[in-house]
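In case it helps, the numbering used here puts the sequence shown at residues 84 to 413.
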Amino acid sequence: MSTKGAKQPEIQENFSKLIGKGTIQHAYLFEGAAGTGKSETALWLAQSLLCPNYSKGPCQTCHVCQRISSHQHPDVVEIEAEGLSIKINQIRELKQEITKSGMEGLKKLIVVKDVEKMTTQAANSLLKFLEEPDGDITIILTTTAKHRLLPTILSRVQLIHFPQLSKEQRIQTLLGEGLTQEQAAVLSQLTSDTNQAIELSENETLTSLIDAMWKWYTHLSKKDEQAFIYVHTDIMPLVKGKSEYHLALDLFLVILQDILNSQISKDYHVGYLKHQKTIHTEAERLSAGTLADLMEIILNGKKYLDRNVAAQGVFEQATLQMLAVMNKTI
Numbered sequence: 084m085s086t087k088g089a090k091q092p093e094i095q096e097n098f099s100k101l102i103g104k105g106t107i108q109h110a111y112l113f114e115g116a117a118g119t120g121k122s123e124t125a126l127w128l129a130q131s132l133l134c135p136n137y138s139k140g141p142c143q144t145c146h147v148c149q150r151i152s153s154h155q156h157p158d159v160v161e162i163e164a165e166g167l168s169i170k171i172n173q174i175r176e177l178k179q180e181i182t183k184s185g186m187e188g189l190k191k192l193i194v195v196k197d198v199e200k201m202t203t204q205a206a207n208s209l210l211k212f213l214e215e216p217d218g219d220i221t222i223i224l225t226t227t228a229k230h231r232l233l234p235t236i237l238s239r240v241q242l243i244h245f246p247q248l249s250k251e252q253r254i255q256t257l258l259g260e261g262l263t264q265e266q267a268a269v270l271s272q273l274t275s276d277t278n279q280a281i282e283l284s285e286n287e288t289l290t291s292l293i294d295a296m297w298k299w300y301t302h303l304s305k306k307d308e309q310a311f312i313y314v315h316t317d318i319m320p321l322v323k324g325k326s327e328y329h330l331a332l333d334l335f336l337v338i339l340q341d342i343l344n345s346q347i348s349k350d351y352h353v354g355y356l357k358h359q360k361t362i363h364t365e366a367e368r369l370s371a372g373t374l375a376d377l378m379e380i381i382l383n384g385k386k387y388l389d390r391n392v393a394a395q396g397v398f399e400q401a402t403l404q405m406l407a408v409m410n411k412t413i
């Protein structure tokens, strides 16, 4: 199977070479930021090791590959946090599972997700298992916080670093998930975690909120005091709860970042695609200092939201402060 379209094609290529040489290790640690393809690569490796039609990669169409993809293969065991942590009883159950022969073959593959969430007891129990592997087993641990793991665990696994995806890769992934070009462009600016971006895209008000933030900025840019009323009439009805209040301010920050980055490079790929021409005009009109002042106001607004200050008051106060900044511009 070609690795074209994979989040980490180079890592998959390297694993294909190891499989070809028969030199797969018994334990790996996939380390990197959220959304860099650690879990997807773990399942791809499981398919590669168990697929009956393997040829430089899994076929991804056979019954084995399909069941692994849908998390239903009995010889691929996945463990993740129950609540906030991975508990010792989960590791004990894992050990019991491992002592059984593969239900459909001799090989088993274990995936422990977010291994940094293990309790101390669970970590020590896993360590003993890593020290004394039994049978044809491949263990994959994934983490976004390598520094939180026991040094003794790190010394018993082969570390595979998953680099951050480029913005272009993130956009292509989001387009492949059915997002519009503008949604993909904005969300790739908003977060480097493609999984989080996909989750945000499922917010039914996202497109309306993107448009609302642009209109809010337009009022402010024109020094129009209607920006204050706009908060009450158009923004507040769209947002419900702290997470959406933060999302709105983050989307506004994307506009400011677009303008600032367009000052640095005319070739910068903006998040607000529909308004690229206006963004370039604003980049020529506003100073970096003005943009920094506007960003500081929004970031302070996010802090107030975290302190449970009433959202409408936060947005209205931010509006007044940004109008004051804009009124100082030519």
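All C-beta atoms, glycine included, are put in the ideal place defined by N, C-alpha and C.
As the structure is a prediction and not an experimental result, all values here were calculated from the model.
In whole angstroms, what separates the C-alpha of residue i from that of residue j?
{"i": "arginine 368", "j": "glutamate 379", "result": "19 Å"}
{"i": "leucine 126", "j": "lysine 357", "result": "37 Å"}
{"i": "threonine 364", "j": "tryptophan 299", "result": "17 Å"}
{"i": "lysine 229", "j": "valine 195", "result": "14 Å"}
{"i": "proline 320", "j": "proline 92", "result": "43 Å"}
{"i": "arginine 231", "j": "methionine 201", "result": "10 Å"}
{"i": "histidine 156", "j": "asparagine 207", "result": "28 Å"}
{"i": "aspartate 341", "j": "leucine 237", "result": "40 Å"}
{"i": "methionine 405", "j": "isoleucine 102", "result": "58 Å"}
{"i": "leucine 453", "j": "proline 246", "result": "Not covered by the structure: residue 453. The range shown for the chain is 84 to 413."}
{"i": "phenylalanine 98", "j": "aspartate 350", "result": "36 Å"}
{"i": "leucine 233", "j": "glycine 120", "result": "23 Å"}
{"i": "leucine 128", "j": "lysine 360", "result": "45 Å"}
{"i": "leucine 109", "j": "leucine 270", "result": "Looking at the sequence itself, residue 109 is histidine, so the reference to leucine does not match. Using only the alpha carbons, I get a separation of about 37 Å."}
What span of residues does the beta strand (DSSP E) with residue i cover, start to end?
{"i": "leucine 224", "result": "220-226"}
{"i": "glycine 115", "result": "110-115"}
{"i": "leucine 242", "result": "241-245"}
{"i": "isoleucine 162", "result": "159-162"}
{"i": "lysine 191", "result": "191-195"}
If you measure between the beta carbons of residue i and residue j, is that distance less than 9 Å?
{"i": "glutamine 279", "j": "glycine 118", "result": "yes"}
{"i": "serine 370", "j": "threonine 412", "result": "yes"}
{"i": "valine 240", "j": "isoleucine 220", "result": "no"}
{"i": "leucine 257", "j": "isoleucine 281", "result": "yes"}
{"i": "asparagine 286", "j": "glutamate 327", "result": "yes"}
{"i": "valine 159", "j": "isoleucine 151", "result": "yes"}
{"i": "phenylalanine 212", "j": "isoleucine 181", "result": "yes"}
{"i": "leucine 262", "j": "serine 291", "result": "no"}
{"i": "valine 337", "j": "threonine 288", "result": "no"}
Tell me which same chain residues have a C-beta within less than 7 Å of the C-beta of residue i, skipping the five on either side of it?
{"i": "proline 135", "result": "Cys145, Val147"}
{"i": "leucine 343", "result": "Ala371, Leu374"}
{"i": "leucine 332", "result": "Ile381, Gly384, Lys385"}
Can you tell which of the options has the C-alpha that lies nearest to the C-alpha of residue i?
{"i": "glutamine 272", "options": "Lys250, Val322, Leu257, Leu292", "result": "Lys250"}
{"i": "phenylalanine 398", "options": "Val408, Leu343, Asn383, Lys121", "result": "Asn383"}
{"i": "serine 348", "options": "Ala366, Glu161, Asp333", "result": "Ala366"}
{"i": "alanine 267", "options": "Val314, Arg150, His352, Lys121", "result": "His352"}
{"i": "glycine 105", "options": "Gln264, Leu289, Glu176, Leu132", "result": "Leu132"}
{"i": "asparagine 410", "options": "Lys305, Gln340, Glu180", "result": "Lys305"}
{"i": "serine 122", "options": "His109, His154, Asn344, Gly396", "result": "His154"}
{"i": "histidine 315", "options": "Gln255, Gln395, Met296, Leu388", "result": "Gln395"}
Quick one: residues in its chain with C-beta nearer than 6 Å to the C-beta of residue i, no 5 flanking neighbours on either side, listed in chain order?
{"i": "leucine 112", "result": "Leu224, Val240, Leu242"}
{"i": "threonine 274", "result": "Ala280"}
{"i": "isoleucine 193", "result": "Val160, Ile222"}
Near residue i, what residues of its chain come up, given a Cβ to Cβ distance below 8 Å and the 5 sequence neighbours on each side ignored?
{"i": "aspartate 197", "result": "Glu163, Ala164, Ile169, Thr225, Thr226, Thr227"}
{"i": "aspartate 276", "result": "Ala116, Ala117, Gly118"}
{"i": "methionine 84", "result": "Its pLDDT being 40, under 50, methionine 84 is placed unreliably by the model, and nothing is read from it."}
Just to confirm the assignment, what range does the alpha helix (DSSP H) spanning residue i have?
{"i": "arginine 150", "result": "146-152"}
{"i": "methionine 405", "result": "394-409"}
{"i": "threonine 316", "result": "From DSSP, threonine 316 is part of no alpha helix (DSSP H); its letter is neither H nor E."}
{"i": "leucine 382", "result": "371-389"}
{"i": "isoleucine 413", "result": "Here isoleucine 413 belongs to no alpha helix (DSSP H), and DSSP marks it neither H nor E."}
{"i": "serine 291", "result": "289-304"}
{"i": "lysine 357", "result": "Lysine 357 -> no alpha helix (DSSP H), and no H or E assigned at all."}
{"i": "histidine 329", "result": "325-347"}
{"i": "leucine 237", "result": "234-237"}
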